[in-house]
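Heads up: the sequence shown is residues 0 to 223, going by numbering that gives the first Met the number 0. What follows is one structure encoded as structure tokens, with my remarks underneath.
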Amino acid sequence: MTVIPPVLAIDGPSGSGKGTVSRAVAKALGWHFLDSGAIYRSLAFAAIQSGLNLDDESSLADLALVMELVFTADDPPKVMLNGVNIADEIGTETVGNAASCVAQLKVVRQALLKKQLSFRVLPGLVADGRDMGSVVFQDAPFKVFLTASAEVRAKRRLKQLKDKGHDVNLSGLIVEIEQRDRRDRDRAESPLVRAEGAVLIDSSDLPIDEVIRRVMSVVEPVLG
Ligand code: DC
0 MTVIPPVLAI DGPSGSGKGT VSRAVAKALG WHFLDSGAIY RSLAFAAIQS
50 GLNLDDESSL ADLALVMELV FTADDPPKVM LNGVNIADEI GTETVGNAAS
100 CVAQLKVVRQ ALLKKQLSFR VLPGLVADGR DMGSVVFQDA PFKVFLTASA
150 EVRAKRRLKQ LKDKGHDVNL SGLIVEIEQR DRRDRDRAES PLVRAEGAVL
200 IDSSDLPIDE VIRRVMSVVE PVLG
């Protein structure tokens, strides 16, 4: 009998806490973890490095197919692009915004699909992104849509970036976050939406432990 690995899809806008929550939940469940945003970020980074235009569909799709991308099992994982760890480089706002641009293109999304599907292995997968529950793992038995107000998300991002030594200001970040939200929500291909059946969690006023508890409570009654 073939057992289909279960998937917990966690989608939402940037800064909603998806990354932290998804990693913690994957660890608690002992499941694999897919950071699909890191795949789009890696492609955007590789494109910038190669001097490609971020709307050059066919070159971007070719690059997506040839880039060799490996996430290591370290905590946090290394993101190895053609043998070089780019985990720090892809964490910037510039790369995040570039990722949001290349992610609008249908050919790019198609080229990156197989890579994402390959993460679905036993005992299960927690998949973090924008279209995990609506497109990539549409048949996922567990779906969550995690959100928070733009201001709260910008404040969280500000703290993360300042901790890393980046020089940023709150008002600029709010504008960037709202722009990125619009681009991710309004695009024709796999826009950011709450998938049918996804449990909505607004993390604006919740401590992270409570968000993790609520996400776990989506899965636990079924897993026992
Ligand atoms: O989650 P993130 O901020 O690392 O994602 C960076 C960008 O990549 C995001 O603004 C849109 C794109 N993305 C996407 O289109 N689909 C996904 N499943 C994940 C990310």
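Built from N, CA and C at the ideal position, the CB exists for glycine as well.
Q. Should Leu42 and Ala63 be called a contact, given that it needs their Cβ atoms to be closer than 8 angstroms?
A. As a working mapping, residue 42 is identified with position 43 in the sequence shown. As a working mapping, residue 63 is identified with position 64 in the sequence shown. A contact, by the Cβ cut-off of 8 angstroms.
Q: Determine the direct distance from the alpha carbon of Gln137 to that of Ile47, and round the result to whole angstroms.
A: Within the sequence shown, the letter at position 48 stands for residue 47. Within the sequence shown, the letter at position 138 stands for residue 137. Roughly 31 angstroms between the two C-alpha positions.
Q: Verify the contact flag: Ala86, CB atom, against every heavy atom of ligand 1, threshold strictly below 7 angstroms.
A: Here residue 86 refers to the residue found at position 87 of the sequence shown. Every heavy atom of ligand 1 is 7 angstroms or more from the Cβ of Ala86, so no.
Q | Beta-bridge pairing of Lys161 - partner residues as DSSP gives them | A | The residue labelled residue 161 in the question sits at position 162 within the sequence shown. Beta-bridge partners of Lys161 (DSSP): none assigned.
Q) Counting along the chain, where does the alpha helix (DSSP H) carrying Val106 start and finish? A) Walking along the sequence shown from the start, residue 106 turns up at place 107. Counting along the chain, the alpha helix (DSSP H) containing Val106 begins and ends at Lys105 to Leu116.
Q) Among the residues of its own chain, which have a CB less than 6 angstroms from the CB of Arg155, if the five just before and after it don't count? A) The residue given as residue 155 occupies position 156 in the sequence shown. Cβ within range, chain order: Gly14.
Q. Nearest CA to the CA of Ile38: which residue from Ser148, Gln178 and Ala102?
A. For the purposes of this step, residue 38 is taken as residue 39 along the sequence shown, with counting starting at 1. Nearest of Ser148, Gln178 and Ala102 to Ile38, Cα basis: Ala102.
Q: Work out the CA separation of Ser49 and Val210 for me, nearest whole Å.
A: Counting from 1 along the sequence shown, the entry for residue 210 is found at position 211. Counting from 1 along the sequence shown, the entry for residue 49 is found at position 50. Going from the Cα of Val210 to the Cα of Ser49 covers about 39 angstroms.
Q. Beta-carbon separation of Ala126 and Ser35 under 8 angstroms?
A. Counted from its first residue, the sequence shown places residue 126 at position 127. Counted from its first residue, the sequence shown places residue 35 at position 36. Yes; because the gap between Cβ atoms is below 8 angstroms, this pair is in contact.
Q. Got a sec, what are the start and stop residues for the alpha helix (DSSP H) Lys26 sits in?
A. As a position in the sequence shown, residue 26 is number 27, starting the count at 1. It spans Lys17 to Leu28 - the alpha helix (DSSP H) in which Lys26 sits, taken as one unbroken run.
Q) Is any heavy atom in ligand 1 found nearer than 7 angstroms to the beta carbon of Ser216? A) In the sequence shown, the residue the question calls residue 216 occupies position 217. Not so, every heavy atom of ligand 1 lies at least 7 angstroms from the Cβ.
**Q.** Residue from Glu56, Ala139 and Asn96 with nearest C-alpha to Asp183
**A.** Position 184 of the sequence shown, counted from the start, is the residue given in the question as residue 183. Ranked by Cα distance from Asp183, the first of Glu56, Ala139 and Asn96 is Asn96.
**Q.** Endpoints, beta strand (DSSP E) assigned at Ile200
**A.** Looking up residue 200 in the sequence shown gives position 201. Val198 to Asp201 is the span of the beta strand (DSSP E), which, as asked, contains Ile200.
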